[in-house]
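Have a look at the structure below before the remarks.
Rendered as structure tokens:
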């Protein structure tokens, strides 16, 4: 499948670094008053790249998410009065969160929107437009859903069905996700020089620019080894556009009758966690493979099979009967 990898050029309305502090404040106040959302998004993105946790290495995915979130918040807030954005107005921020809840938006999405809006306020403080942080007094949305049931993974049967119809490129993609547990950005960023087939490992740069060694399964090693040595240069994945990768998996799911909704590409990583937990029964091993610093994160990925739980409870009863 061919793709257009040409990205649209992004322009910044202002070179924020060269604006004097007084000019910066006047520019932002004018943008608030006139409803110039593009300029305010530009301000937020500049501040995020300069002062955000990821700095200049902030991922395009994060940038897109924050851009969407800032636009959504401004669309809500500006019609209620631009001056309220220059004040410590918690009625405005809490009203936004409650409005998203009434729309039926999920807690995770609401909290992502909250983070984006808070980044806007951080940028406004940098521009000397306000001093407070109203989102500091605005609670996050509370998630009452069981973390074990929040996300779905492709089952072993699903993965086998997908592999049965996949070509060589698609097979490598599926196994890098379902065996290697790579995220979307890691799939696209993986290069052949990061892989050592003899040692059966690959070096992956993940969230926060952290690098880690990931061990390869036999099936993944075999799939990678099928690529001729002279072709092992540059990207490992045949597609370098996230939309194309999603379309590839969606097409495979459609052809095989495998459910794609609520799983998507990230569901392959969930499959890696679930299948590995089913095989070894050790959540710490799974956390190491997924490169999680805390097993509480791993718990949202790895689902213990209901059969194992039932069997464990049955054997528990047997053990108690024997003791009697």
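Residue numbers (the UniProt record's numbering): 1 to 324. All C-beta atoms in this analysis are idealised placements derived from N, C-alpha and C, irrespective of residue type, glycine included.
Going by Cα to Cα distance, which pick from the options is closest to residue i?
i: residue 265; options: 178, 275, 286 and 208; result: 178
i: residue 139; options: 186, 23, 90 and 233; result: 90
i: residue 299; options: 280, 289 and 273; result: 273
i: residue 143; options: 290, 109 and 41; result: 109
i: residue 60; options: 72, 260, 268 and 241; result: 241
i: residue 117; options: 215, 162 and 70; result: 70
i: residue 119; options: 82, 41, 229 and 232; result: 41
i: residue 182; options: 271, 45, 21 and 231; result: 271
i: residue 196; options: 229, 173 and 170; result: 229
i: residue 80; options: 174, 288 and 35; result: 35
i: residue 401; options: 289, 251 and 46; result: Lying outside 1 to 324, the shown extent of the chain, residue 401 is not represented and no answer is given.
Where do the ends of the alpha helix (DSSP H) carrying residue i lie?
i: residue 248; result: 242-256
i: residue 327; result: Beyond the ends of the chain as shown, which are 1 and 324, falls residue 327; an answer cannot be given.
i: residue 201; result: From DSSP, residue 201 is part of no alpha helix (DSSP H) but of the beta strand (DSSP E) over 201-205.
i: residue 282; result: Careful: residue 282 lies outside any alpha helix (DSSP H) and carries neither H nor E.
i: residue 176; result: 168-178
i: residue 181; result: No alpha helix (DSSP H) contains residue 181, which DSSP labels as neither H nor E.
i: residue 224; result: 218-225
Whole-angstrom Cβ separation of residue i and residue j, contact assumed at under 8 Å?
i: residue 211; j: residue 217; result: Contact doesn't hold; Cβ gap of about 20 Å is too wide.
i: residue 76; j: residue 99; result: 7 Å
i: residue 54; j: residue 189; result: Their Cβ separation, rounded to whole angstroms, is 15 Å, which puts residue 54 and residue 189 out of contact at 8 Å.
i: residue 141; j: residue 111; result: 5 Å
i: residue 154; j: residue 263; result: 6 Å
i: residue 84; j: residue 92; result: 5 Å
In this structure, does DSSP put residue i in helix, strand or coil?
i: residue 153; result: coil
i: residue 17; result: helix
i: residue 264; result: coil
i: residue 292; result: coil
i: residue 7; result: The pLDDT assigned to residue 7 is 37, lower than 50, so where the model puts this residue is not dependable; a value taken from the coordinates is nonetheless given after this. Reduced to three states, the DSSP call for residue 7 is coil.
i: residue 212; result: strand
i: residue 38; result: helix
i: residue 232; result: coil
i: residue 191; result: strand
i: residue 12; result: Below a pLDDT of 50, predicted positions are generally treated as unreliable, and residue 12, at 47, falls in that range; the measurement from the model is reported next regardless. Reduced to three states, the DSSP call for residue 12 is coil.
What first and last residue would you give for the beta strand (DSSP E) that runs through residue i?
i: residue 238; result: Element bounds for residue 238: n/a, residue is neither H nor E.
If you scan the region 58-144 from start to end, which runs of the beta strand (DSSP E) of 3 or more residues do you find wholly inside it? none
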